[in-house]
Each structure stands twice: as structure tokens, then as C-alpha cells.
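A.B. asks:
In my numbering, the protein residues as written are 144 to 458.
#1: Leaving out five residues on either side along the sequence, give the residues of the same chain with a beta carbon under 7 Å from the beta carbon of residue 402.
#2: Distance, Cα to Cα, residue 244 vs residue 189?
#3: What does residue 184 pair with, by DSSP beta-bridge criteria?
#4: Assuming contact is defined by CB atoms lying nearer than 8 Å, are residue 395 and residue 414 in contact in what I supplied?
#5: Taking contact to mean at least 3 C-beta pairs separated by less than 8 Å, is the segment 352 to 370 in contact with the segment 255 to 274?
#6: Three-state secondary structure (DSSP) at residue 388?
#7: Apart from the five residues on each side of it in sequence, which residues of its chain come closer than 7 Å, Cβ to Cβ, to residue 169?
#8: Assess, as a yes-or-no matter, whether the segment 316 to 324 is touched by the segment 209 to 221 under the definition of 3 or more beta carbon pairs within less than 8 Å.
#9: Of the choices 191, 280, 299, whose alpha-carbon is the least far from that of residue 183?
#10: Roughly how many whole angstroms lie between the Cα atoms of residue 207 and residue 387?
#11: Leaving out the 5 sequence neighbours to the left and right, which residues in its chain are closer than 7 Å to residue 418 when beta-carbon positions are compared?
#12: Would you mind reading off the limits of the alpha helix (DSSP H) that contains residue 412?
#13: Quick one: Cα of residue 228 to Cα of residue 421, how far?
#14: Short check: CB of residue 194 to CB of residue 318, under 8 Å?
#15: Please report how far the alpha carbon of residue 249 lies from the alpha carbon of residue 365, in whole angstroms.
#16: Answer yes or no: do residue 330 and residue 373 have a C-beta to C-beta separation smaller than 8 Å?
#17: Between residue 223 and residue 247, what straight-line distance do the alpha-carbon atoms span, to the nearest angstrom?
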């Protein structure tokens, strides 16, 4: 399904004729014409903890609304370490243009101020082409700096916020499994190449008799750090949600993660992509939005239920 972004845009007001009008009539015309001329451009912001599927949702939306994606992940702005930072692949992008992805040198200090400047320029270029900017990534400090702290961006753009969320016990399990897949995909080799220029001796360590044990311990540490990152990201999103007066639409992707194959795709469309498409469609057409989903919409599984859910997911 593809929905035209431009179809919902109001026509531009024609320039007023070059004649003199009474002051009272000019004031009326100002009220009718100027608000339309000053109408803000639309931007969609997709957020969520690592591993929840925010990249997938942003690409789904981009293919349906003729959009381009601006990366807001502070690690993925750097070149290299595609596996370590879990960058989307060319196949996963499905032809959707991505901005601010792998643009910075690894030795650079790419700050929130740098992100605000580059993201604002990218959004301006995208809207100039009549397309929809979608900001997506897990670095909520970048998102806050842009949509909340930057006056220029706030004065120019109106934002629709989508939060892809997953029950925490289930998400912890799946991000740990994702680390295992990253190791198979070459995480160790990629890390070795990064530090090769530092002059260390990499002929020992993991390559030695206890190498397997060292690797297992290192992978366990990566998993623990990733789980801690998830919790930190969720706290930051909660703070941003409070700052935005709960204007964030929360989409619960837990069911989609727990299913397999075609059932997983069906669940994703039903509980994440479909509702997200409907929310963005109303936003672009200036229709009254449905009330944002409350925090209680997320299913938080207890110990017994989470164990059963994870067991079902691994069958």
C-alpha cells in the first residue's frame, strides 16, 4: 500500500493582488492567508530502544508515504563498524534514501549540536523535494536536542512521534540473541580491524588456548551492556514523553517479536505498521489525531509469563 504524501498538502495561497485595501480588510486577509503561507512542514519521528524494530517501521512508513529517513543514532553516524552498530543493510533499506548514516570519521566528535545542524539541513532538502522526512534512531539526546531544544526546527516543523516498544523481559532476551547473530556476522573481525592500528598484539588472547573462554566472557559483557543500554534508552524516552506532554503514540511490538515467519509479519502489520500508517496518515492530512496510546498499553510480562513467552519464541 502506498499513500501519497503530497495529496494531503493544502494548496499554496495565491499572492494577493497589488491594489490598496482598507485597513480592516487587510487584517481579515492576514488571518485568512498568512496562516496558510506559514504552515509548518511535517516530520515523523520514530523512536524506541535498540532491537524493537524502529528501523523497520521507519522504512515501512517511508515506502508508503514517499519519505526519506534521517538517522538519529549517534553510533551509526560514524563510518565503519556496520555490524557492531547494527546499521541497516542495503537490502533492508528497500531503496529508501537514508541520511546521516556513516557520514562522520571515527576520530571525529559528532555532538548533538552537529546532529541538529546536519539533520535540519537534511529535513529542509527532503521537504524541498516534496517528500516527508522521517527521523529514526535510538539516541534520544539527539532527538530532544532537535525537536525540543532547537528553536529554528520547532518554528519550522510539526512533528508526529511514534514509539516502538516491546515488553522488557522479551526485549532483553531478543537483544541477547541479536548479539549472537552479530558475532556470527563478523563482529569480532570488525572490532579487530578497528583497533589494529593501535599497535596491540592481536596474535594472542582470543587466538590462544583460553581464547574461547575470553570470547564467551566478552560476548556476555556485550549482552549485559546492551541490556543496560535498553533500560537507559527507555528512561530517556519516558522523560521525553513527559516533556512532550505525552504526545507520543506508543506501538507495542511484543507480539510481533514472539511470532515466527509469516505469523510474525502478520502481527507486525496488525499491531505496529498498520496502526503507525493510520496515525501518520491522519497527521499528514491534518485530521484530528486519536489520543496517544498510554503507557499502560504496553504488556509487561511477569516472570512466569515472560518465561513462557520466551520459550514459545525459541520453539
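All C-beta atoms in this analysis are idealised placements derived from N, C-alpha and C, irrespective of residue type, glycine included.
C.D. replies: Taking the definition as stated:
#1: Contacts found: 410.
#2: The alpha-carbon of residue 244 is positioned some 16 Å away from that of residue 189.
#3: For residue 184, which the question treats as bridged, DSSP gives the partners 300.
#4: Yes, they are a contact pair.
#5: Contact between the segment 352 to 370 and the segment 255 to 274 is not established, with fewer than three Cβ pairs separated by less than 8 Å.
#6: Here residue 388 sits in coil by DSSP.
#7: Its pLDDT being 39, under 50, residue 169 is placed unreliably in this model, and the value from its coordinates should be taken loosely. Cβ within range, chain order: n/a, list empty.
#8: No: the two stretches stay apart, fewer than three of their Cβ pairs being nearer than 8 Å.
#9: It is 299 whose Cα lies nearest to the Cα of residue 183.
#10: Rounded to whole angstroms, residue 207 to residue 387 spans 26 Å at the Cα level.
#11: Leaving aside the five residues that flank residue 418 on each side, the residues in its chain whose CB is nearer than 7 Å to its CB run, in chain order, 394.
#12: Per DSSP, residue 412 belongs to no alpha helix (DSSP H) and is neither H nor E.
#13: Near 31 Å, if we compare the C-alpha coordinates of residue 421 and residue 228.
#14: Less than 8 Å divides the Cβ of residue 194 from the Cβ of residue 318.
#15: In a straight line, the C-alpha of residue 249 is about 20 Å away from that of residue 365.
#16: No. Outside cutoff.
#17: Note on geometry: alpha-carbon atoms of residue 223 and residue 247 lie some 10 Å from one another.
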